[in-house]
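There are 2 protein chains.
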Amino acid sequence: MSKGVNLKELSNRLQLSQTTVSRALNGYPEVSAETRRRVAEMAEKLGYAPNSQARRLATGRSMAIGHVIPRSIHEMMNPIFLEFIAGAGETYSKHGYDMIISVVEDDHEEDAYRQIASRKKADGVIIHGPAADESRHRLLREINLPFVVHGRIPGAERETSWVDMNNRRAFERATNLLLDLGHKRIALLNGLEHMDFARRRRVGFEDALAARGLAPDTGIMRSSDMTEPYGCDNAMEMLRSGDPPTAFLVSSMISAIGVARAIGQCGLETGKDVSIITHDDALSFLPNSGEVPIFTCTRSSVRYAGQRAAELLLDHIADPEREPSSLHLDAELIVGQSTGPAPDR
Amino acid sequence: MSKGVNLKELSNRLQLSQTTVSRALNGYPEVSAETRRRVAEMAEKLGYAPNSQARRLATGRSMAIGHVIPRSIHEMMNPIFLEFIAGAGETYSKHGYDMIISVVEDDHEEDAYRQIASRKKADGVIIHGPAADESRHRLLREINLPFVVHGRIPGAERETSWVDMNNRRAFERATNLLLDLGHKRIALLNGLEHMDFARRRRVGFEDALAARGLAPDTGIMRSSDMTEPYGCDNAMEMLRSGDPPTAFLVSSMISAIGVARAIGQCGLETGKDVSIITHDDALSFLPNSGEVPIFTCTRSSVRYAGQRAAELLLDHIADPEREPSSLHLDAELIVGQSTGPAPDR
DNA sequence: CCCGGCATCCAAACCGCTTTGGATTTGCTC
DNA sequence: GAGCAAATCCAAAGCGGTTTGGATGCCGGG
Chain L
12 MSKGVNLKEL SNRLQLSQTT VSRALNGYPE VSAETRRRVA EMAEKLGYAP NSQARRLATG
72 RSMAIGHVIP RSIHEMMNPI FLEFIAGAGE TYSKHGYDMI ISVVEDDHEE DAYRQIASRK
132 KADGVIIHGP AADESRHRLL REINLPFVVH GRIPGAERET SWVDMNNRRA FERATNLLLD
192 LGHKRIALLN GLEHMDFARR RRVGFEDALA ARGLAPDTGI MRSSDMTEPY GCDNAMEMLR
252 SGDPPTAFLV SSMISAIGVA RAIGQCGLET GKDVSIITHD DALSFLPNSG EVPIFTCTRS
312 SVRYAGQRAA ELLLDHIADP EREPSSLHLD AELIVGQSTG PAPDR
Chain W
12 MSKGVNLKEL SNRLQLSQTT VSRALNGYPE VSAETRRRVA EMAEKLGYAP NSQARRLATG
72 RSMAIGHVIP RSIHEMMNPI FLEFIAGAGE TYSKHGYDMI ISVVEDDHEE DAYRQIASRK
132 KADGVIIHGP AADESRHRLL REINLPFVVH GRIPGAERET SWVDMNNRRA FERATNLLLD
192 LGHKRIALLN GLEHMDFARR RRVGFEDALA ARGLAPDTGI MRSSDMTEPY GCDNAMEMLR
252 SGDPPTAFLV SSMISAIGVA RAIGQCGLET GKDVSIITHD DALSFLPNSG EVPIFTCTRS
312 SVRYAGQRAA ELLLDHIADP EREPSSLHLD AELIVGQSTG PAPDR
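Going line by line, the protein sequences match chains L and W. With the working numbering applied, the first sequence covers 12 to 356. With the working numbering applied, the second sequence covers 12 to 356.
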């Protein structure tokens, strides 16, 4: 455990060439078992660890994955992002990769990607929060930087690798559950609809309504950053209107909590007077579990998505010829305490 | 904007030596203005960007800061951590540093630090969530890796650099506010008290009580991971007991939301029947602002703390001889809607 | 006994940049 | 016009690994 031993010194001590020592440590075959043992022993004794910069330079691979996040991300600079990162990070460290995160000014995102590529800072990146009019994938292809999308890029599903949950289907099922419970007037508190995932969720919602011959009422459909007050304020406004909804379909637990607060403040009871279904990203600090979860929800672990997205990316880096491949995660529909039959009018 | 031009090629094209080109680009004085201009122009034209691995190897500085986070962090694997990271990240990119995050198995944390040091992966690290019996600072000192603590290490305040808020004072003031409002029975929902910050908050709470000749009642003091259900369940239990508290002092907005939910479920009104003061880390997705914030709170921006901690660390890396220095942030006490005079009994 | 072949190991080139230690030129002073 | 410092620029030596292209020694086969 001494400090700063490098290859040269280690090989000197062993009376061997750097070549042999390097090979012994990296598991190449042209080294005798006995020599390999000696090398390993001495390396351990001297606390040798290869300098990563030197190795990266020599191999030409940076052994790092980049995540660039704009400074003022809306939806993203939220816990969901961290949870994803945590999942991806597990995969990276398991494979000896580093995770580098660049927080950049909003208008420097493209620059950040270009730098990653030109200065060889990372071997690949992950695209977060694809928008409805996404373009980052073109840039990345142009600069030849491998990537995987968390979410899907509309129109480029075939040609890109991605990991996403089935947003449309999840919200369709959730809506059906509410309809089955007799709810006719269902509010939608969606995320920002310039984001692909929010758009898909909305389609799922509308499809379910349409299947029963119902038309969506834009008067009780909102789209915004999914904060707590967003949920509370909008729910409050709707509940106090002349024709209040009897159920809410919400895109995030955080906002759902706000909705529940509004319901309480109106003297109503969640799950009885008013129902809520929310999407649950299975965030660690916002558990919605227990025998009967607080919220009825569509659930899909973003952390898991992070792990898998990272694996996909590493696969593509290992074999650049590989065809794009994707993972479609299905959200569970879990019945909790926040839903009940529509109240008699 | 072509690809892969390196120094050698660039200097060939310019009919200059690599030395001169390097110097011109890095702003050294021994280059004529005219030459510098030519170099800059050609570099731009060919889209030259120095390979960061090579540069790191040559300079011996990795230009990166490490953050190691255990896989199953409790308190930390929460939005607070991300917000801090975001702040720190801004500072890093402003100074040309990369941020590398290692998510490691809980029992490999020490290993992670040793690797960062021995393989020269980062020039420094930030210690997150110091415990009451912290020891990471010793390890880091031993392996000679510069660091800054987010929080404080009890007993090592002098010898380490840190950025922390005034936890004790904040909770003392909050408690005083409640006492001034006539509350006699105040519950404390604290974070995990093996963490330094939680311990300090508790002391502040107890000090304020003691100053008025009151003894803390451990029957209404809890310490746990600051989740939403934690707040709700514990508040519920206390409110339903024979001698319920009239006010709650809570360590996190997330849990405070849970407390509010419990209050609602008991048919009581927050800010009237029961008061809440929470600490507010100013998380972007949990805004507690507006003319009159929802929660009365002690507020201190962790994002800001992240920025400053990063600056401190970079300063120390730039000048290793520098004495440890620290930043003590003061939390504001902000009155919102969740507090009111103690109800008559 | 010679030779091809395998098992081992090594010297040196290379990755792309920074930096040291001059060499050459230019500009002034006296 | 000599002398000297300042201004410019360059060749080459690292930084610490990986990898190519042999050497060397030892073996059994012919």
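We treat Cβ as the ideally placed atom computed from N, Cα and C, and that holds for glycine.
Practice prompt. Let me know the secondary structure DSSP gives Pro90(W) once reduced to three states.
Written response: Three-state result, Pro90(W): helix.
Worksheet item: For the region 241-267 of chain W, which residues have a CB atom closer than 7 Å to at least one CB atom of chain L, in sequence order?
Response: Per Cβ criterion, the list reads Ile265.
Worksheet item: Are the CB atoms of Leu260(W) and Ile288(W) nearer to each other than 8 Å?
Response: Contact flag set, yes.
Worksheet item: What first and last residue would you give for the alpha helix (DSSP H) that runs through Ile76(L)?
Response: Not the alpha helix (DSSP H): Ile76(L) falls in the beta strand (DSSP E), residues 75-81.
Fill in: Limits of the alpha helix (DSSP H) - the one that Arg67(W) falls within
63-70 is the extent of the alpha helix (DSSP H) around Arg67(W).
Practice prompt. Quick one: measure Cβ to Cβ for Ser172(L) and Lys131(L), integer angstroms, because I've assumed they're closer than 8 Å.
Written response: Rounded to whole angstroms, the Cβ separation of Ser172(L) and Lys131(L) is 21 Å, and the two are not in contact under 8 Å.
Worksheet item: Residues of chain L with CB under 8 Å from Lys132(W), in chain order?
Response: Within chain L, the residues near Lys132(W) are Ser63, Asp109.
Discussion item. So with CB distances below 9 Å, who are the chain W contacts of Ile76(L)?
Written reply: The contacting residues do not exist; Ile76(L) stays about 10 Å from chain W at best.
Worksheet item: Among Leu200(W), Ser336(W), Glu101(W), Leu325(W), which residue has its Cα nearest to the Cα of Gly230(W)?
Response: Relative to the Cα of Gly230(W), the nearest Cα in the group Leu200(W), Ser336(W), Glu101(W), Leu325(W) belongs to Leu200(W).
Worksheet item: Of all the CB atoms in chain L, is at least one closer than 8 Å to the CB of Arg82(W)?
Response: Taking Cβ atoms only, chain L reaches closer than 8 Å to Arg82(W), which makes this a yes.
Item to complete: Just the chain L side, please: which residues come within less than 9 Å of Gly100(W) by C-beta, in chain order?
Response: From the beta-carbon of Gly100(W), the residues of chain L found nearer than 9 Å are Ile80, Arg82, Ile112, Ser113, Val114, Val115.
Worksheet entry | 8 Å Cβ cutoff, Gly282(L) in contact with chain W | False, the Cβ-Cβ gap to chain W never drops below 8 Å.
Worksheet item: What in chain L is Cβ-close to Asn17(W), meaning under 8 Å?
Response: Near Asn17(W) there are no residues of chain L at all, since even the closest Cβ is about 10 Å away, more than 8 Å.
Worksheet item: At a cut of 8 Å, does the region 301-315 of chain W reach the region 342-352 of chain W through at least three beta carbon pairs?
Response: Verdict: yes, contact present.
Fill in: Option nearest Ser234(L) by Cα separation, candidates Gly253(L), Ser263(L), Gly317(L)
If we check each option's Cα against that of Ser234(L), Ser263(L) comes out closest.
Worksheet item: If you run the structure through DSSP and keep just helix, strand and coil, what is Arg24(W)?
Response: Under the three-state reduction of DSSP output, Arg24(W) falls in the helix class.
Worksheet entry | Residues near Arg169(W) in its chain [Cβ-Cβ closer than 8 Å; skip 5 each side] | So the list reads Pro335, once near-sequence residues are dropped.
Discussion item. I want to see whether chain L comes within less than 8 Å of Thr238(W), judged by CB atoms only; does it?
Written reply: Taking Cβ atoms only, chain L reaches closer than 8 Å to Thr238(W), which makes this a yes.
Fill in: Cut-off 8 Å between Cβ atoms - residues of its own chain near Thr350(W), not counting five sequence neighbours on either side
So the list reads Leu188, Leu189, Leu192, Ala258, Gly282, Ser286, Ile287, Ile288, Thr307, once near-sequence residues are dropped.
Worksheet item: Assuming Ile91(L) contacts Leu324(L) under a Cβ cut-off of 8 Å, what Cβ separation, rounded to an integer in Å, is found between them?
Response: Contact between Ile91(L) and Leu324(L) does not hold, since the beta-carbon distance rounds to 19 Å and is not under 8 Å.
Discussion item. I'd like the list of long-range same chain contacts for Ile154(L), defined as Cβ closer than 8 Å, with 5 residues on each side in sequence excluded.
Written reply: Non-local beta-carbon contacts of Ile154(L) in its own chain, meaning distances under 8 Å to residues more than five positions away in sequence, involve Tyr124, Arg125, Ala128, Ser129 in chain order.
Item to complete: Please name the residue in Ala51(W), Asp122(W), His194(W) whose C-alpha comes closest to that of Pro352(W).
Response: Closest by alpha carbon: His194(W).
Worksheet item: Just the Cα atoms here: how many angstroms apart are Val303(W) and Val270(W)?
Response: Taking the straight line joining both Cα atoms gives about 19 Å.
Fill in: Those runs of the beta strand (DSSP E) which lie wholly inside the region 305-346 of chain W and span at least 3 residues
Entirely contained in the region 305-346 of chain W, the beta strand (DSSP E) runs reaching 3 residues are, in chain order, 307-310, 337-340, 343-345.
Discussion item. Report the CB separation of Phe55(W) from Ile268(L) in whole angstroms; it is logged as a contact under 8 Å.
Written reply: Correcting the residue identity first, residue 55(W) is Glu in this sequence and not Phe. Distance from Glu55(W) to Ile268(L) at the Cβ level is roughly 51 Å; contact not present, criterion being Cβ atoms closer than 8 Å.
Worksheet entry | Rounded Cβ spacing between His106(W) and Ile137(W) (contact assumed at less than 8 Å) | Not a contact, Cβ separation roughly 14 Å.
Worksheet item: Under the rule that 16 or more other beta-carbon atoms within 10 Å means buried, what is Thr70(L), buried or exposed?
Response: With fewer than 16 neighbouring CB atoms inside 10 Å of its own CB, Thr70(L) falls in the exposed class.
Worksheet item: Roughly how many whole angstroms lie between the Cα atoms of Leu340(W) and Asn299(W)?
Response: In a straight line, the C-alpha of Leu340(W) is about 19 Å away from that of Asn299(W).
Discussion item. Within 10 Å of its beta-carbon, does Asp117(W) have 16 or more other beta-carbons around it, so buried, or fewer, so exposed?
Written reply: Its Cβ having fewer than 16 others within 10 Å, Asp117(W) is exposed.
Worksheet item: Which partner residues does Phe259(L) have in the DSSP bridge list?
Response: According to DSSP, which records beta bridges pairwise, Phe259(L) is partnered with Ala198(L), Ile287(L).
Discussion item. Classify Gly301(W): buried if its beta carbon has 16 or more other beta carbons within 10 angstroms, exposed otherwise.
Written reply: Per the 10 Å Cβ criterion, exposed.
Discussion item. Once DSSP output is grouped into helix, strand and coil, what is the label at Phe208(L)?
Written reply: Phe208(L) falls in the helix class under three-state DSSP.
Fill in: Leu338(W) versus Arg152(W) - alpha carbon distance
Their Cα atoms are separated by approximately 20 Å.
Worksheet item: Can you list the residues of chain W that Gln126(L) reaches, using a CB-CB cut of under 8 Å?
Response: What Gln126(L) touches in chain W: Ala60.
Worksheet item: When DSSP labels each residue in this structure, what does Phe158(L) get in the three-state scheme?
Response: Here DSSP, grouped into helix, strand and coil, assigns Phe158(L) to strand.
Fill in: Assigned exposure category for His290(W) - 16 Cβ within 10 Å defines buried
Classified as buried, His290(W) has 16 or more neighbouring CB atoms from the shown chains inside 10 Å of its CB.
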